[in-house]
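In this note's numbering, the protein residues as written are 1 to 200. Just so you know, even glycine gets a beta-carbon here, dropped at the ideal spot from N, CA and C. All figures in this text were calculated on a predicted structure; none of them were measured in a lab. Only one structure is covered here, and it is reproduced in the block below.
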C-alpha cells in the first residue's frame, strides 16, 4: 500500500502514514522495490523529498540500482540533484554489465543530468563497460551532440576511445549518420579520421 502511494505520487497519503509512526519509512514491495525507488522512477519530486527527509531511507540496494539509476534514466534532473545533495548516494555506481549512471544519461540524451553528474567530480567520465564502451561512444551512437560536447569539455575523456572491437565514438557517429556529432569530434583534432573496427 505504502509503496503504491509512493509510486503514484500521493504525498499526502505517505505523510499521513508516516505520521502514525507505525509505518516503515523504507518498506519493500513483494518484488523488493522500495518506496524511494518507485517515487524516483516515476518522477515524484515531492515524495522523494519527503522520504529523504525522514532520514530512514536506505539509498543503496541490490545490484547497485539506487534511486539515482531510475531518476537519471528518465531525465528527472531535480530528483537526481536531491539524491546527490544527500551526500549518501554513490554518484558513479556500476551495474552488472559495468555500465555507469553517466552512460544511461548519455544514451538517453539527458544533458542536464549528465552535467549534474559531471559536476560532482566523482564520476569517471571515461569509464568503460564490459564491451569497452564509454559514455562518449553511447552519446555519439545516439546522436546526442550536446552530451558529446559536455563530455569532451571535461578534458577527462579520451576523444578517441576504442571498444573491444576497435570501434571509436567517431565510428559510431558515422555508422548511424550523426553529422553534427561527427563535425564536433573532427573539430577537436584528436581523433583517427579513418577508424576501423576488427572487421576492417
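Beta-carbon proximity of residue 118 to residue 150, cut-off 8 Å: yes
Rounded straight-line distance, which links the Cα of residue 111 to that of residue 64: Any reading at residue 64 must be qualified, since the residue scores a pLDDT of 37, below 50, and its modelled position is unreliable; no value is offered.
Cβ shell of residue 120 (< 7 Å), same chain only, five flanking positions each side left out: 84 and 91
Stretch pair the segment 94–113 + the segment 132–144: three plus CB contacts closer than 8 Å: yes
For residue 107 and residue 14, the rounded distance between their alpha carbons: 33 Å
Cβ-based burial, residue 41 [other Cβ within 10 Å; buried from 16]: buried
Among 169, 156, 67 and 185, the one whose alpha carbon lies nearest that of residue 89: 67
CA nearest to the CA of residue 53, picked from 43, 11 and 73: 11
Residue from 113, 75 and 69 with nearest C-alpha to residue 93: 69
Where residue 107 falls: helix, strand or coil (DSSP): helix
Backbone CA spacing between residue 182 and residue 174 [nearest angstrom]: Residue 182 and residue 174: Cα-Cα distance of roughly 7 Å.
Residue 174 in three-state terms, based on DSSP: Three-state result, residue 174: helix.
C-alpha gap between residue 148 and residue 86, whole angstroms: 28 Å
Residue environment, residue 168, which counts as buried when at least 16 other CB atoms sit within 10 Å: buried
Test item: CB-CB of residue 36 and residue 81 under 8 Å: no
Per-residue burial, residue 129 [other beta carbons within 10 Å of its own, 16 or more giving buried]: buried
Among 96, 142 and 192, nearest to residue 180 - alpha-carbon criterion: 142
Rounded Cβ spacing between residue 39 and residue 48 (contact assumed at less than 8 Å): Residue 39 to residue 48, Cβ: 5 Å. Contact.
In DSSP terms, what residue 122 is bridged to: Partner(s): none; residue 122 has no beta bridge.
Under 8 Å between C-beta atoms of residue 126 and residue 157: In contact: residue 126 and residue 157 (Cβ atoms closer than 8 Å).
Unbroken alpha helix (DSSP H) run spanning residue 187, endpoints: 179–187
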